[in-house]
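Peer 1: For reference, the structure I am asking about is given below.
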Amino acid sequence: MLQLLLNGVVSGLLVALPAIALSLTYGVLNFPNFAIGSMITMGAYIALFFNVDIGVPLLLAAGLGAVGLACVALIADRLVYRPLRNSDHVTLLVASMGVYFVLENVVRFLWGSDIRGYDIAVARPHRWLGLRVNNEQITILIVALLAMVAVWFILMKTPLGRAMRAVSDNPDLAGVRGINRNRVIGAVWGISGVLAGFAGVLVGMDGVIDPLMGWNYVLPVFAAVILGGIGNPFGAVIGAILIGVAEELSTLILPTTYRQAVAFLIIVLVLLLRPHGLFGKARISR
Amino acid sequence: MSNPILTVSKLRAGYGSGGDIIKGAGFSVSQGAISTIVGPNGAGKSTLIKSLVGLLTPRDGTITLNGKDVTQLDAPAKARAGLGYVPQEHNVFRNMTIGENMTLAYEFIARETKGLKAARDRVFDIFPDLAHRAGDMAGNLSGGQRQMLAFGCALMPDPSLLLLDEPSAGLSPKYVAEMFQAVKAVNQAGVSILMIEQNVKEAMVISETAIVLVAGQVRAHMPALDFLNHPDIHALYMGTADVAAAGSV
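In the order they appear, the protein sequences are chains A and B.
Using this note's numbering, the letters of the first sequence map in sequence onto residues 1443 to 1728.
Using this note's numbering, the letters of the second sequence map in sequence onto residues 59 to 307.
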């Protein structure tokens, strides 16, 4: 049971990074970025390129992957989302679906569809209080927590964070306070790209790398964001951990192939019982 | 009349593909004055003020601030050019503390933080209630307190012209009086003010000029006292009075 809880928390932290990214983009741009799945995949592959094809150590490759994905996100914003900036959220959601398929197929074109993995040494898991903890889980724990602290610091303690919260709360008022919305949006895409990029590397470390790896995370990520309260990055972290633990504990009574159904069930239940999530504010219209 | 701080000429503005709501409006605000825009519902007062602050791009005409053409500038650029704005509603960031609201109101317009403390102290002198509540969330404030905070935030970067959209709307009588006192105090400190106001008589008492806006056009622009003493103030307000008889500035 404790082992399942630990595994659930680690799985949840894997979901937490893209969930924060999704929440940030929703908060500022007011649309759910469906392309988050292929952003995870693309981040994993950019790091794979540096790690396996160039021979850069994985830690540095992960950083390069994250920065590379931030650039990809900024390009997608410039080419796709900015021209649609004043469109309604359904149009933007559909556009993000298009971006999803473009990125996934760019990955297939550049790196093929074979299953691949990072150049990391295989090591025995550590034993601690009867629990098995492997190096990948420790890495996920450290990187995810560091990323969350960094996001918290940026959002709560820096002018950029204040600007992001201001644009998310009231874009017109933010404008008359001197905040350039397009610059804030650029920063949000950059941060989201970095988070999704690191998430891609961590997912790749935890399992395998293939063009559909991000797709498997779309449902849990959306479930985490909805559970935590749409547009609330800190709620998304709690939502992600709860989803991870719920998925892991479900294996006690269900075959593992039904894990994703748990996330789907949580989405349905939250939307029915508490549509604004655990930490979101109830609102009639945005 | 002293040199105008704001000159609006033949301004046209509207939303999307709809027709013009502001139809060639023109007026000016004198340096150091309080001017009040009045007019019936649907006259285009809020649309006019949105065009002035850059939330709506004018379709035609010019807006000159301190002698500089700012017509096509967006809201952040107009704020940096010296235009402060207090919206009628949704005028503070509810998910931030009072202190954060004030910091944010300063840092992106001044683009430095050295003068932040002095700016805060200046605003706390005008609104002392804000000083000991800096850590409170803005969303927890009452309507009157929120309006004071919004006013204070607009003053943080020391604007040369302040636009107020119905500053007394929804306030209790106690706060209405305080608000007009604050408007007067801020003006005496050297800030020119242009406001839209439904409490016409109270607003005119502290104003130098009245601008009557009807159906997107300026029907009269006159000394505030003349407006108050007009024999048919209601007809004047509704734009049906003889404007020539009412006079203009």
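Don't be surprised by glycine CBs; every beta carbon is placed ideally from N, CA and C.
Just so you know, these numbers come straight off a predicted model, no measurement behind them.
Could you tell me the distance, in whole angstroms, from the CA atom of R1558(A) to the CA atom of D1652(A)?
Peer 2: For R1558(A) and D1652(A), the distance between alpha carbons rounds to 6 angstroms.
Peer 1: With a threshold of 8 angstroms between beta-carbons, can R1569(A) be considered close to chain B, or not?
Peer 2: False, the Cβ-Cβ gap to chain B never drops below 8 angstroms.
Peer 1: Counting along the chain, where does the beta strand (DSSP E) carrying D223(B) start and finish?
Peer 2: L219 to D223 is the span of the beta strand (DSSP E), which, as asked, contains D223(B).
Peer 1: State buried or exposed for T161(B), treating a residue as buried only when at least 16 other CB atoms are found within 10 Å of its CB.
Peer 2: Flag for T161(B) reads buried.
Peer 1: Distance cutoff 8 angstroms, beta carbons only. Does D216(B) sit that close to anything in chain A?
Peer 2: False, the Cβ-Cβ gap to chain A never drops below 8 angstroms.
Peer 1: Kindly list, in the order they appear in chain A, the residues whose Cβ is closer than 7 angstroms to that of V111(B).
Peer 2: What V111(B) touches in chain A: V1618.
Peer 1: For Q89(B), which of helix, strand or coil comes out of DSSP?
Peer 2: Coil at Q89(B), not helix or strand.
Peer 1: Just verifying my parser: in three-state terms, what is the DSSP assignment at T115(B)?
Peer 2: Coil.
Peer 1: Under 8 angstroms Cβ to Cβ from G1660(A), same chain only, skipping five residues before and after it: list those, please.
Peer 2: A small correction: the amino acid at residue 1660(A) is Val; Gly does not occupy that position in the sequence shown. Cβ within range, chain order: F1476, I1478 and G1479.
Peer 1: Which residues does DSSP list as the beta-bridge partners of S1453(A)?
Peer 2: Per DSSP, none; premise fails for S1453(A).
Peer 1: Checking the sheet assignment: what are the DSSP bridge partners for P370(B)?
Peer 2: Residue 370(B) lies beyond the stretch modelled for chain B, which goes from 59 to 307, so this question has no answer here.
Peer 1: Indicate the three-state DSSP secondary structure (helix, strand or coil) for M1655(A) in the structure shown.
Peer 2: In the structure shown, M1655(A) sits in coil (DSSP, three-state: anything other than H, G, I, E or B).
Peer 1: What whole-angstrom Cβ distance do V1645(A) and A1458(A) have, given they're in contact under 8 angstroms?
Peer 2: Wrong, their Cβ atoms sit about 12 angstroms apart, outside the cutoff.
Peer 1: Give the interface partners of Y143(B) over in chain A, defined as CB-CB distance under 8 angstroms, in chain order.
Peer 2: Near Y143(B) (Cβ distances below 8 angstroms), the residues of chain A are V1618.
Peer 1: Could you list which residues in chain A have their beta carbon closer than 7 angstroms to that of I264(B), in chain order?
Peer 2: In chain order: nothing, as chain A lies at least about 23 angstroms away.
Peer 1: Looking at C-alpha atoms only, which residue of L1545(A), V1591(A), T1600(A) and G1722(A) is the closest neighbour of N1674(A)?
Peer 2: Nearest option by C-alpha distance: G1722(A).
Peer 1: Spatial neighbours of R138(B) within its chain, please: CB distance less than 7 angstroms, with the 5 preceding and 5 following residues excluded, ordered by chain position.
Peer 2: I167.
Peer 1: If you measure beta-carbon to beta-carbon, which residues of the region 1621-1640 of chain A are closer than 7 angstroms to chain B?
Peer 2: Listed by position, the residues of the region 1621-1640 of chain A near chain B (Cβ gap below 7 angstroms) are I1621 and N1622.
Peer 1: Tell me D127(B)'s beta-bridge partners as DSSP assigns them.
Peer 2: DSSP, once it has assigned bridges, lists T122(B) as partnering D127(B).
Peer 1: Consider the Cβ of A1678(A): report whether some Cβ of chain B lies at a distance smaller than 8 angstroms.
Peer 2: Closer than 8 angstroms: no.
Peer 1: Report whether the distance from the Cβ of K175(B) to the nearest heavy atom of the ligand ADP is below 7 angstroms.
Peer 2: Absence of the ligand ADP from the depicted structure is noted, as is the absence of any ligand whatsoever, leaving it without description.
Peer 1: Cβ of L219(B) within 8 angstroms of Cβ of L141(B)?
Peer 2: Taking 8 angstroms as the Cβ cut-off, L219(B) and L141(B) qualify as a contacting pair.
Peer 1: Does the Cβ of H288(B) have 16 or more other Cβ atoms within 10 Å, making it buried, or fewer, making it exposed?
Peer 2: Result: buried.
Peer 1: May I ask you to list the residues that DSSP assigns as paired with W1570(A)?
Peer 2: DSSP, once it has assigned bridges, lists L1573(A) as partnering W1570(A).
Peer 1: Output yes if chain B places a C-beta closer than 8 angstroms to the C-beta of G1450(A); else output no.
Peer 2: Taking Cβ atoms only, chain B never reaches closer than 8 angstroms to G1450(A), which makes this a no.
Peer 1: Flag this pair as touching only if the region 1458-1469 of chain A and the region 1622-1640 of chain A have three or more C-beta atom pairs under 8 angstroms; answer yes or no.
Peer 2: The region 1458-1469 of chain A, when compared against the region 1622-1640 of chain A, does touch it at the 8 angstroms Cβ threshold.
Peer 1: Taking 8 angstroms as the threshold, find out whether the region 198-206 of chain B comes into contact with the region 180-188 of chain B through three or more Cβ pairs.
Peer 2: Enough Cβ pairs lie closer than 8 angstroms, so yes.
Peer 1: Report, in whole angstroms, the separation of the C-beta atoms of P134(B) and I1621(A), which I expect to be a contact under 8 angstroms.
Peer 2: At roughly 6 angstroms, the Cβ-Cβ gap stays under 8 angstroms, so P134(B) and I1621(A) are in contact.
Peer 1: DSSP on Y1468(A), reduced to helix/strand/coil?
Peer 2: Here Y1468(A) sits in helix by DSSP.
Peer 1: Does the CB of R1524(A) have a neighbour CB from chain B at under 8 angstroms?
Peer 2: No, R1524(A) does not count as interfacial toward chain B.
Peer 1: If the cut is a Cβ gap below 7 angstroms, which residues of chain C does N1612(A) touch?
Peer 2: No chain C is part of this structure, whose protein chains are labelled A and B.
Peer 1: Along the beta strand (DSSP E) that carries A247(B), what are the first and last residues, could you check?
Peer 2: Where A247(B) is concerned, there is no enclosing beta strand (DSSP E), given that its DSSP letter is neither H nor E.
Peer 1: Taking 8 angstroms as the CB-CB limit, is P134(B) close to chain A?
Peer 2: Taking Cβ atoms only, chain A reaches closer than 8 angstroms to P134(B), which makes this a yes.
Peer 1: Among V1541(A), A1512(A), R1604(A) and M1539(A), which residue has its Cα nearest to the Cα of R1619(A)?
Peer 2: Among V1541(A), A1512(A), R1604(A) and M1539(A), the Cα nearest to that of R1619(A) belongs to R1604(A).
Peer 1: By the criterion of Cβ-Cβ separation under 9 angstroms, what are the contact partners of M154(B) in chain A?
Peer 2: Correct list: R1604, R1607, A1608 and D1611.
Peer 1: Is it right to say N1449(A) is buried, meaning 16 or more other beta carbons lie within 10 angstroms of its own, or is it exposed?
Peer 2: N1449(A) comes out buried.
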